[in-house]
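These notes are about the structure you will find just below.
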Amino acid sequence: MDQTSIEASPRRRAADHGPLVDPKAIARDLDAVRVHAGNSREARAEVVQILKRRLGEARRTAEQRLIADADGRACAEALSGFQDDIIRLAYDWIVSRLYPSDNPSSGERMTVVATGGYGRGMLAPGSDIDLLFLLPYKQTAWGESVAEAILYCLWDMGLKVGHATRSVDECIRQARADQTIRTALLEARHILGDKGLFKELEQRFDAEVVRGTVPQFVAAKLAERDERHRKTGQSRYLVEPNVKDGKGGLRDLHTLFWIARYAYRVKTDEELAKKGVFDRREMQIFRRCEKFLWTVRCHLHFLTGRAEERLSFDLQRELAPRLGYRGHSGLRDVERFMKHYFLIAKDVGDLTAILCAELEERHEKPAPVLDRFMAKLRPKSLRGLKESPDFQIDHDRITVSDNEAFARDPVNLIRIFALADRYNLALHPDAMRLLTRSLKLIDDKLRHDPTANQLFISILTSSNSAEVVLRRMNEAGLLGRFVPDFGRVVAMMQFNMYHHYTVDEHLLRCIGTLQQIERGGDPNLGLAADLIRTIQPRNRDLLYITLFLHDISKGRPEDHSIAGAKVARRLGPRFGLTKAETETVAWLVENHLVMSTIAQSRDLSDRKTIETFAGVVQSLERMKMLLILTTADILAVGPGVWNGWKSQLLRTLYYETEPVVTGGFSEVNRTRRVEIAQEEFRQAVPTALPELSGPAMESYIGRHYAAYWLKVDLATKIEHARFLLGAEAAGQSLATRVDLIAGQGVTHLTVLAPDHPRLLSIIAGACAAAGANIIGAQIYTTTDGLALDTISITRGFDRDEDEERRAKRIADGIEKALRGEIKVGEAIAAAHRKSPARHRSRTFRIAPEVAINNTWSNRYTVIEVSGLDRPGLLHDLTAALSRHSLNIGSAYVATFGEKAVDVFYVTDLMGAKIQTAQRQAAIRKVLTNVLEDDGGR
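Every letter in the sequence shown is one number past the one before it in the numbering used here, and letter 534, counting from 1, is 931.
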């Protein structure tokens, strides 16, 4: 039997296995249960135990079949069939033993109906059961008793049951008024009882509810879908998708079928095909999507033992081998599984678009035109396009003139999208269907056609809707065929907590974020919005091309930046770039992570850092482009990744480096800049701090080293001075200060304390014990031996009042730890045991790395460590450095999802670099051990 015939008969395959548990065997068990002397309690309990035991057997059998057959739809159908048997058997026992009626009246008729998802005849292992007790007239004592007995039986079995008891009249009245009830009744299915009553409900539902209301129902269901997507995440490419409610998930398929069933009055997908809504290929896709999503959902429920719908990272890892995926071609098993998932989600979106187009043709769904009334008067308002006779505009949608448009000129496969972008047109479903069937026309000749590539670059660099049009090209399957390197990353996820989207979705979002930067007007976009208006016009186009290519080599054995540069050098000439332009794009791709890395993990006041970065960028124009590229890249990673803190770091690195690439850098210039900073401070103090004047001011200025004056902004210097003077006036050598930084998503904790080697370790430990996530640490030492450390932690609350209370609690913990009033190690261990991240982090594996470098700074040895993040990691690392008699001059802390990257500028206790290989090896070993430890204490 071929795949098509297998997919076409899922219900037969489910039946071929036979029932999960023989209903006759259950009936015999129940028949043996007697009600003695009117005492029904013991009998009911015995019935529940029998059914509960059989339910366990049925679920075990269903799971075994699911693992063997990998057919989630068959599993869901089998579980639904078993549930039907349970309800019928319970009903039979109840009406024969508890509430017998030898001569039932017309009012003592009852129909038990499955509604909602259960009515569809498919039930996931952890799903709710929705029942309707359908009565001919009003409720009777007998009907109420029977319904109550069935419900208590199911509840006592541990099942989640939603229920309603209504007459046919009540069902019709409520369905008219409530879309949820209407949708539930749309899939109503007879389980037991009076079939005539159920038939009456069906007929009246069609005649009195459905008739004449199709457009309203379609609009309501699509609005519900859009709201659901808004809540669960607008993209179908979120890397931890919701299988049921997420975009491209099962609920989207259900919505599609609800609409089809309502509009076309069909009951099965086979009938949908006969109506001509889907062609044979699309029907196969529908069944493949349904089977795959049900398989994943059933496995999720069995694996977790509950109705878990979110494919979290830890569950992805467990599910991949369970579903039969293996690592291959540089992708891990879990990445191959999720790539398949996202391709299925894309297919679900395509099917929804096809159905909506069919409904538009029937005028059951508003077409995307400005004036619907005029559209009805002009049902085929076609007009040509001057650029090509192969296309026409039909109600603000571009379509083909005939079915040979693409075969006649394959360049039209690209041209249709270019015209859609130029004139802001939607793509007609007929044209998209023909395009999908014509993808085989894309060959090397078309890929290297100058006109086709010129059209593609015009789309990529368009100021109109580049991101939207490129996404339509991708969803149609064209983008990956026209640029095969892009095709390799379509639906590719990266198994980590940092990236929120698949690689292809991230690249397309980068195009959108660059358009946001170009439009400007948002202060949160940082320096990039200012710089993009100053770069050379042609470099603007090169930035768009770079963003399209920068991650295109993800998933390969070679470093993706290096491999991506090779791809850029190969594709540049094809895209019409000159040799110099190609080299600029390749350089940007190869170095697209450099500015972010240096800004977040290097001492920006260290001359060597700036000189090193200047040596990489070499020109002001390249540095501008790199900053814009870096900003767009971080913005497109996902919500909350970009913040004011990162924006400020990039700004500082840019302005520190600008003098080097424009006219040289000398110690004289640096000394002069320190003098200017000190003079600005002197000018500001009389207004801000009138008590600081004369010799006291000069004495205060002398307490700070040059790096402090260069690196700290004036407003912070004033606040530091106020903080130090206030602490001294109060006789405090240990004090803390809290600052809520507006617009940056961070809170600053400033600590004043006598300097000693373990200071940062204790501060980090106190923060970890309080559950604070450290994202940065700026360490300054005064000439009189005090440490002025600023710890940046992620904001925990939106409301300032709540965040201030939290921050003060953390600051209080830091002071207690520094006074020795709490044992930091024990506090961290207690926090670690409570942290949900403890179990979550074990899902990921990151090889620990420790790099020790004496060339990155003239004064310090730079130690860079990276590994799996966990509560208390920074404390353990700094404690290890302190035990090895190292002074930490500054520390730079960054987290990328589950990965921690911490950089320490250190010297020995004499202020010298760590030069000997033996000592470096010892430090490397102890830090590696810390990274490999899971933090358990």
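By construction, the Cβ of each residue, glycine as well, lies at the ideal position given by its N, Cα and C atoms. Remember, predicted model here, so these are calculated numbers, not experimental data.
Within its own chain, the residues whose Cβ lies closer than 8 angstroms to the Cβ of residue 930, once the five positions on either side in sequence are excluded, are 917, listed in chain order. The segment 939–953 and the segment 978–991 touch, with three or more beta-carbon pairs separated by less than 8 angstroms.
Closest by C-alpha distance to residue 1107, out of 1274, 514, 1032 and 1003, is 1003. Within the segment 939–977, the complete alpha helix (DSSP H) segments at least 4 residues long are 957–971, listed from N- to C-terminus. Shown here for residue 1177: same chain residues with a beta carbon closer than 6 angstroms to its own, the five before and five after excluded, namely 1105 and 1185 in chain order. Pairing residue 1158 with residue 1272 gives a Cβ-Cβ distance under 7 angstroms.
The shortest CA-to-CA distance from residue 617 to any of 598, 1124 and 578 is the one to 578. In the three-state reduction of the DSSP assignment, residue 547 falls in the helix class, which pools H, G and I. Setting aside the 5 residues that flank it on each side, residue 683 is surrounded in the same chain by 666, 675 and 748, each with a C-beta closer than 7 angstroms to its C-beta; the list follows chain order. Taking 4 residues as the shortest admissible run, the segment 1019–1072 contains the following complete alpha helix (DSSP H) segments, listed from N- to C-terminal end: 1041–1060. Within the segment 624–675, the runs of alpha helix (DSSP H) at least 4 residues long that lie entirely inside it are, in chain order, 647–661 and 666–671. Residue 1001 places its beta carbon 7 angstroms or farther from that of residue 1047. In this structure residue 1174 touches residue 1290 by the C-beta definition: roughly 6 angstroms separates them, less than 8 angstroms. Put simply, the segment 521–540 does not touch the segment 425–433. Fewer than three CB pairs are less than 8 angstroms apart. In this structure residue 796 is not in contact with residue 750, their Cβ atoms being roughly 14 angstroms apart against a cut-off of 8 angstroms. In this structure, the CA atom of residue 925 is about 52 angstroms from the CA atom of residue 464. If you look at residue 850, you'll find it in the alpha helix (DSSP H) that goes 847–857. The Cβ atoms of residue 533 and residue 456 lie no closer than 7 angstroms to each other. Short of 8 angstroms from the beta carbon of residue 935, and not among the five residues preceding or following it, lie these beta carbons of its own chain, in chain order: 978. For the pair residue 1148 and residue 1251, the Cα-to-Cα distance works out to about 29 angstroms. When secondary structure is reduced to three states using DSSP, residue 1087 falls in the coil class, being assigned neither helix nor strand. Three or more beta-carbon pairs drawn from the segment 1165–1173 and the segment 1210–1228 are found closer than 8 angstroms, and the two stretches are therefore classed as touching. In this structure, the beta-carbon distance from residue 864 to residue 824 does not fall below 7 angstroms. Shortest Cα-Cα distance from residue 462 to any of 696, 424, 498 and 487 involves 696. For residue 445, the uninterrupted alpha helix (DSSP H) run begins and ends at 437–466, by DSSP. Contact between residue 878 and residue 852 does not hold, since the beta-carbon distance rounds to 15 angstroms and is not under 8 angstroms. The shortest C-alpha to C-alpha distance from residue 605 to any of 643, 584, 565 and 983 is the one to 565. Around the beta-carbon of residue 1015, fewer than 16 other beta-carbon atoms lie within 10 Å, marking it exposed. Contact between residue 1277 and residue 1323 holds, with the beta-carbon distance rounding to 5 angstroms and staying under 8 angstroms. Secondary structure note for residue 1249: its beta strand (DSSP E) is the uninterrupted segment 1246–1250. Counting only the Cα atoms, residue 643 lies some 16 angstroms from residue 698. Residue 1261: member of the beta strand (DSSP E) spanning 1258–1265, first to last residue. Positions of the alpha helix (DSSP H) runs, each at least 4 residues long and wholly inside the segment 1121–1148, cannot be given because no such run exists. The alpha-carbon of residue 923 is positioned some 9 angstroms away from that of residue 1040. By the neighbour-count criterion, in which 16 or more other beta carbons inside 10 Å mark a residue as buried, residue 959 falls on the exposed side. Residue 1279 and residue 1154 do touch by the CB rule: their CB atoms are close to 5 angstroms apart, below 8 angstroms.
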